[in-house]
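Position one of the sequence shown corresponds to residue 219 (this note's numbering), numbered consecutively onward. Virtual Cβ for every residue (Gly too), placed ideally from N, Cα, C. Note that the structure is a prediction, hence the values are computed from the model and not measured. Right, one structure below, let's go through it.
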Amino acid sequence: MGALRDFVADVLEMEGSAVEPVGPDGLDVVATSELRAAMGWPELARLGFGTAQPADATPIGFEGEWL
């Protein structure tokens, strides 16, 4: 899931969010207010990709409703 994680990180950064990788399958995101409103995320969101997701991560994948 590295390619999907990297793509999502790039898009989030282009939209003004701060993004930090967490392990091989996660991202910590300090989201903009617009993104928080659209996604229903808190200011600091942890996103998980693949099977080895970080604890308390919101799972992200191709079957998710936000992609």
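If you compare the alpha carbons of 279, 274, 235 and 221 with that of residue 252, the shortest gap goes to 235.
Distances from the CA of residue 241 to each of 224, 229 and 248 were compared; the closest alpha carbon is that of 224. C-alpha of residue 249 to C-alpha of residue 270: approximately 23 Å in a straight line.
Scanning 244, 232, 267 and 274 for the CA closest to the CA of residue 280 turns up 267. In the DSSP assignment, the residues bridged to residue 240 are 244.
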